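1 is the number of the first residue of the sequence shown in our numbering; add one for each residue after it. Data block below; observations after.
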Amino acid sequence: MPTAMLSGAPDRRAVPGPGVPVEPRGTPAERAAPRRSRLGLAAQFVLQFVYIPLGMLVAIGFVALPFWAAATGGGGGGTGGDLGDLAQILGGLAGSAISWRRLRIEWNGRPEEWETFTEGLLTKRFSGAERKSGWEPHELPPSGVRRAVTHLWLHHHRGLAPTRVEQLAERHGWSVDWAKSRVVKGELRFFRLIPPPEHVDVPDPYGPPPATGSPWGPMRCRVVIPLLTLVLMPRVRFLELRRSPDAYVRHLRKHLKKLFRTELARERGRNAHRADSTGRILRRVSVGTRHFRGAGAGAVLRMALEQGWRLDRSYPADPRDTVHLCRLNGGGRRTR
């Protein structure tokens, strides 16, 4: 399927039929943004060594002020930010910085230099987005086809027209999401549809339990880490110190019932799951190794199947990290 059909952008290569709107030549999507003045570039490059450190100090002080007032008895009712505000401010300051390489590219303004610079950024962003983006449970459709997304700001491609950036993205299998991009402001959003990963050597939940030491079997229990984190999660750390498979099985059964009950009771409108063509959604939960270390990931599959849940094949199967489970909305028995 052509990229233009997937992204919603008009297909400029095809001959339109009667009544089909055509994007005219010379639109913002087909021309590069105006070049910045060299005086402004030089001023930004020099002044950034002053305003970025100063802005960081002000941001840190803004966040730390309420804590300092509370510690000195001045009351904690003052206005102040939190760590999320601080991260956002620091990220904005870092994004306003201009590197020596970008300064030279914007100074010269040659399209071939912009292409090399922009495609290098796209390669890094696409690689990171393919690993980390689109894994949120409510965003994954029942088919498991993941929609990886990323974006690019104007200062990353100022010397190139958005349509040229689209061509660079197509080299890596990505498309521009024209419906969500703000072309006039230079913000381009990209997406790529990635099929579910292949699963091999996943044991049959009805088959013999995996042996100790096998990927889906019981894992080796530790001593040092449970002792160091005993205060944070005493129940599961005591389980690991006891090294009793039966105790792990009892704990895992209770934990799964609680997870399933909570997910099934969650309203569909809140962080609504993406539905398939029939309107069905896929309920999803994840189970960390601390809950099944002594029983094995195979025990998770077996107990989940008793409640009508199965392995979620939208995620890579990693029995040594996290086991992802799913259930089609309305299917199977309800948990009690």
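We put the beta carbon where it would ideally sit given N, CA and C, even for glycine. Everything numeric in this text was worked out from a predicted model, so none of it was measured.
Look up residue i in the DSSP assignment and give the residues it is bridged to.
i: C326; result: R284 and R310
i: R147; result: L193
i: E112; result: BP columns for E112 are empty, so no partner.
i: R182; result: E187
i: D318; result: T322
i: R176; result: Reading off the sequence, residue 176 comes out as Val, not Arg. F190, per the DSSP bridge assignment.
Just to confirm, is the Cβ distance from residue i to residue j under 9 Å?
i: R280; j: C326; result: no
i: A32; j: L160; result: yes
i: T118; j: E30; result: no
i: P142; j: S286; result: no
i: W114; j: R182; result: no
i: F238; j: L228; result: no
i: L311; j: L140; result: no
i: G288; j: P205; result: no
i: G129; j: F190; result: The residue you asked about is not Gly; residue 129 is Ala in the sequence shown. Going by C-beta atoms, A129 is nearer than 9 Å to F190.
i: A256; j: M303; result: The displayed chain sequence assigns Leu, not Ala, to residue 256. Yes, the pair counts as a contact, with Cβ atoms nearer than the cut-off.
i: D187; j: W135; result: The question names Asp, yet the displayed sequence has Glu at residue 187. Not closer than 9 Å, so no.
i: G109; j: R192; result: no
i: S96; j: I52; result: yes
i: G144; j: P209; result: no
i: V300; j: L264; result: no
Are there any heavy atoms of the ligand SAM lying less than 8 Å away from the beta-carbon of residue i, as far as the coordinates show?
i: D246; result: By its list of ligands, the structure shown contains no ligand whatsoever, and the ligand SAM lies outside what it can speak to.
What ranges does the alpha helix (DSSP H) occupy inside the region 207-287, keeping only unbroken runs of at least 4 residues that lie completely in it?
224-228, 234-242 and 245-265
For the structure I just gave you, are there three or more beta carbon pairs, one from the region 155-167 and one from the region 198-217, closer than 8 Å?
no
Whole alpha helix (DSSP H) elements within the region 116-169, 4-residue minimum
none
Inspect the CB distances between the region 143-162 and the region 213-221 and report whether three or more fall short of 8 Å.
no
Does the region 238-257 come into contact with the region 289-300, if we say contact requires no fewer than three beta-carbon pairs (one atom in each stretch) closer than 8 Å?
yes
Stretch pair the region 122-136 + the region 170-182: three plus CB contacts closer than 8 Å
yes
Contact between the region 104-119 and the region 307-319 is defined here as three or more beta-carbon pairs at a separation below 8 Å; is this criterion met?
no
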